[in-house]
Amino acid sequence: MSDHVYKKVELIGSSTVSVTEAIETAIVRASKTMRNLEWFEVDQIRGHVKDGAVAHYQVVIKVGFRIEDTQ
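Residue numbers (numbering that gives the first Met the number 0): 0 to 70.
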């Protein structure tokens with residue numbers, strides 16, 4: 000097993016349905032343009048309240064991806 004180097008980037012996913020869907024939205028979208036996504040961590044959870052109910056979820060996540068070897 001070789002040693003790996005990772006980079007972390009911050010993403011913000013949103014959803015009108017749930018926190019989980021907001022996370023999945025961010026991961027799915029990022030995976031379209033980024034390779035080697037391997038993990039994520041939740042940094043913040045926010046929401047928008049309208050008429051006394053949750054109208055929108057926003058989740059700030061940090062996604063880790065492995066830097067490819069050049070050899």
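Here a beta-carbon is modelled for each residue, glycine too, at the ideal position from N, C-alpha and C. Owing to the predicted nature of the structure, the values given are computational and were not obtained by experimental measurement.
Alpha-carbon to alpha-carbon, residue j and residue i
i   : j   : result
M0  : V53 : No answer about M0 holds up, because its pLDDT of 46 lies below 50 and its placement is not dependable.
T69 : E9  : 25 Å
V59 : D50 : 24 Å
Sequence-distant residues of the same chain with beta carbon closer than 8 Å to residue i, five excluded per side
i   : result
L36 : I26, A29, S30, V62, G63, F64
Minimum C-alpha distance to residue i - residue among the options
i   : options            : result
Q43 : T19, K49, H3       : T19
V48 : I22, V4, V16       : V16
K7  : T24, V41, E23      : V41
I11 : E67, M33, T32, T24 : T24
Host beta strand (DSSP E) of residue i (start-end)
i   : result
V16 : Careful: V16 lies outside any beta strand (DSSP E) and carries neither H nor E.
6 Å CB neighbourhood of residue i in its chain, flanking five on each side removed
i   : result
S13 : A21, Q57
Sequence-distant residues of the same chain with beta carbon closer than 7 Å to residue i, five excluded per side
i   : result
A38 : The sequence shown places Trp at residue 38, rather than the Ala named in the question. G63, listed in sequence order.
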